[in-house]
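Peer 1: Before we start, here is the structure in question, set down as structure tokens.
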Amino acid sequence: MNDLFIVSAPFQLLSAIEAKHFFKTQNSTIIYSKELENSLDFVNWNRKIEFPKSEKKSNFKNSLKFVKELKTEEFRYIFVGDFFSKSRSYLQRILSSNLKSEKVIFLDDGILTTLQNLQNGFNGETHFWKLFRWKIFGYKTSLKDFSLFTVLNIEKESLEIFKNDFSFFKSLAEKDFVEKPENFYFIGSAKFETWKMSEENFENFMKKVFAFAQKHQNIYFVPHRHCSQKSLKIVQKIGFQVLKFSKPIEFEFLERKEKPVNIASATSTALLSLKVIFEPQNVFSFKVPENEVRKDRVEGMQNLYKTFSDFGIDLI
């Protein structure tokens, strides 16, 4: 029977590919966002379907038609990357709640997101009107039974959990991969934008990172896909070389046959996946000062850094 994967962000795709091998899927359909298109061919998919185009005036109409067409099909497992995503009128939520399947399995979207979902019992914030529209047309907007496929070491009695140890990706990281100890990679985070860290504080934070990495010949800043041009100008002024990847960073290192030696970030989940897949010599997380974090996110950040520490990532 066919399995369905629904993803809209790089780490969701990484988790989906690992789940594809973990659950030994034979016939796989993937629904994906446009930005992931050039990363899909890393493995074989029997069918690839792009999310409907997001247009303000006809977004809901397009989404309604999209779900109606898929509702005629049956699936063994449905893997969903972000059940609570508000984009495209909660389309991931509606698909996984209404399509016929034996099991719905949540994938990691990011460590912070998974930790927050666990903390609030997987009851994410919702927009009443956007969900009510679906109810008018007879669609369910919630899901009682689901499982979780995660890299995190967690136990929860009421939740079926499958452990993602990235065994497939680890098998691709060959022993003869080249190590380049002269390279230092700092992975950017969208949180710099959403926390609204002031330009001055962001610059001081990145100067601290640069000073720490100064002994290395090449100091790279790998921007998050939502990184602003303003942030890029700041890091370039400090002395970072900006390295833009067209695919998730894990894919890039595999294709370049490079085993990273020195990687760092503030909050990126890629720290954990790179740590598990490549076992780099040095993995650092530079802690963001709590006064730069929204009050309702402080506890989540503390849990994030604890998770990093539990995986052997050095906190700076």
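Counting in numbering that gives the first Met the number 0, the sequence shown runs from 0 upward without gaps. Just so it is clear, CB atoms sit at the ideal spot from N, CA and C, and this is done for glycine as well.
Between Ser319 and Pro247, which are expected to be in contact by the criterion C-beta below 8 Å, what is the C-beta distance as a whole number of angstroms?
Peer 2: Nothing about residue 319 can be read from this structure; the chain reaches only from 0 to 315.
Peer 1: Kindly list the residues whose CB is nearer than 6 Å to the CB of Leu139, restricted to its own chain and excluding five residues on each side of it in sequence; keep chain order.
Peer 2: As a position in the sequence shown, residue 139 is number 140, starting the count at 1. This sequence places Lys at residue 139; Leu is not what is there. Correct list, in chain order: Ser96, Asn97.
Peer 1: Using 8 Å as the threshold, is the C-beta distance between Asn182 and Asn261 below it?
Peer 2: Taking the first residue of the sequence shown as 1, we reach residue 182 at position 183. Taking the first residue of the sequence shown as 1, we reach residue 261 at position 262. Yes. Within cutoff.
Peer 1: Leaving aside the five residues before and after Pro9 along the sequence, list all residues of the same chain whose C-beta is less than 6 Å from its C-beta, in chain order.
Peer 2: Here the question's residue 9 lines up with position 10 in the sequence shown. Closer than 6 Å at the Cβ level, and outside the excluded window around Pro9, lie Pro247.
Peer 1: Quick one: using the 10 Å Cβ neighbour count with 16 as the cut-off for buried, is Asp336 buried or exposed?
Peer 2: The chain is shown only over 0 to 315; residue 336 falls outside these bounds and no answer can be derived.
Peer 1: What are the boundary residues of the alpha helix (DSSP H) that includes Asn281?
Peer 2: As a first step, residue 281 is located in the sequence shown; it is residue number 282 there, counting from the start. No alpha helix (DSSP H) contains Asn281, which is instead part of the beta strand (DSSP E) from 281 to 284.
Peer 1: Which class does Tyr89 belong to by DSSP, given the choice of helix, strand or coil?
Peer 2: For the purposes of this step, residue 89 is taken as the residue at position 90 of the sequence shown. In the three-state reduction of the DSSP assignment, Tyr89 falls in the helix class.
Peer 1: Does Gln240 come out as helix, strand or coil in the three-state DSSP assignment?
Peer 2: Residue 240 sits at position 241 when you count from the first residue of the sequence shown. Here Gln240 carries a strand assignment [DSSP, helix/strand/coil].
Peer 1: Take Ile315 and list the residues in its own chain whose beta-carbon comes closer than 6 Å to its own, dropping the five residues that flank it on each side.
Peer 2: Locating residue 315 in the sequence shown gives position 316, where the first residue counts as 1. Hits under 6 Å: Phe283, Phe285.
Peer 1: Would you mind reading off the limits of the beta strand (DSSP E) that contains Glu34?
Peer 2: Locating residue 34 in the sequence shown gives position 35, counting from the first residue. Where Glu34 is concerned, there is no enclosing beta strand (DSSP E), given that its DSSP letter is neither H nor E.
Peer 1: In its own chain, which residues sit with a C-beta less than 7 Å from the C-beta of Asn200, not counting the 5 before and 5 after it?
Peer 2: On the sequence shown, residue 200 is found 201 positions in, with the first residue counted as 1. So the list reads Glu291, once near-sequence residues are dropped.
Peer 1: Is Ser62 closer than 8 Å to Ile77 when the C-beta atoms are compared?
Peer 2: For the purposes of this step, residue 77 is identified with residue 78 of the sequence shown, where counting begins at 1. For the purposes of this step, residue 62 is identified with residue 63 of the sequence shown, where counting begins at 1. For Ile77 and Ser62, no; Cβs fall outside 8 Å.
Peer 1: Using alpha carbons as the reference points, say which of Asn58, Leu231, Leu13 lies closest to Asp40.
Peer 2: Here residue 40 refers to the residue found at position 41 when the sequence shown is read from its first residue. Asp40 has its Cα closest to that of Leu13, out of Asn58, Leu231, Leu13.
Peer 1: Beta-carbon separation of Glu34 and Arg224 under 8 Å?
Peer 2: In the sequence shown, residue 34 corresponds to position 35, counting from 1. In the sequence shown, residue 224 corresponds to position 225, counting from 1. Contact: yes.
Peer 1: Smallest Cα separation from Ser166: which of Phe22, Gln213, Arg255, Ile5?
Peer 2: Position 167 of the sequence shown holds residue 166. It is Phe22.
Peer 1: Quick test of your reading: Phe252 and Ile218, contact by CB under 8 Å. State the CB separation rounded to the nearest angstrom.
Peer 2: Walking along the sequence shown from the start, residue 252 turns up at place 253. Walking along the sequence shown from the start, residue 218 turns up at place 219. Contact doesn't hold; Cβ gap of about 17 Å is too wide.
Peer 1: With a 10 Å radius around its C-beta and 16 neighbouring C-beta atoms as the bar for buried, classify Ile29 as buried or exposed.
Peer 2: For the purposes of this step, residue 29 is identified with residue 30 of the sequence shown, where counting begins at 1. Answer is buried; the Cβ neighbour count reaches 16.
Peer 1: Between the Cα of Ala15 and those of Ala210, Phe74, Asp108, spot the shortest distance and give me the residue it belongs to.
Peer 2: Translated into positions along the sequence shown, residue 15 becomes position 16. Relative to Ala15, the option among Ala210, Phe74, Asp108 whose CA is nearest is Asp108.
Peer 1: Please report the Cβ distance between Ile93 and Ser146, rounded to the nearest whole angstrom; I am assuming they are in contact, meaning their Cβ atoms lie under 8 Å.
Peer 2: In the sequence shown, counting from the first residue as 1, residue 93 sits at position 94. In the sequence shown, counting from the first residue as 1, residue 146 sits at position 147. About 19 Å; that fails the 8 Å criterion.
Peer 1: In angstroms with no decimal places, state the Cα-to-Cα distance between Phe65 and Phe59.
Peer 2: As a first step, residue 65 is located in the sequence shown; it is residue number 66 there, counting from the start. As a first step, residue 59 is located in the sequence shown; it is residue number 60 there, counting from the start. Spanning the two alpha carbons is a distance of roughly 10 Å.
Peer 1: Just to confirm, is the Cβ distance from Val221 to Phe244 under 8 Å?
Peer 2: In the sequence shown, residue 221 corresponds to position 222, counting from 1. In the sequence shown, residue 244 corresponds to position 245, counting from 1. The answer is yes: Cβ separation under 8 Å.
Peer 1: Candidates Arg293, Phe127, Lys102, Arg296: which alpha carbon is nearest Phe83's?
Peer 2: For the purposes of this step, residue 83 is identified with residue 84 of the sequence shown, where counting begins at 1. A check of alpha carbon separations from Phe83 across Arg293, Phe127, Lys102, Arg296 identifies Phe127 as the nearest.
Peer 1: Quick one: what's Asp313 bridged to in DSSP?
Peer 2: Start at 1 with the first residue of the sequence shown, and residue 313 comes out as number 314. In the DSSP output, where bridge partners are listed per residue, Asp313 has Phe283.
Peer 1: Any idea what DSSP makes of Asp164, helix, strand or coil?
Peer 2: What you label residue 164 is simply residue 165 of the sequence shown in a count that begins at 1. In this structure, Asp164 counts as coil in the three-state DSSP scheme.
Peer 1: Quick one, which of Pro259, Lys207, Lys162, Gln213 has its alpha-carbon nearest Glu173's?
Peer 2: As a first step, residue 173 must be located in the sequence shown, where it is residue number 174. Selected option, being the one with the closest Cα: Pro259.
Peer 1: State buried or exposed for Lys351, treating a residue as buried only when at least 16 other CB atoms are found within 10 Å of its CB.
Peer 2: With the chain covering 0 to 315 only, the question about residue 351 has no answer from this structure.
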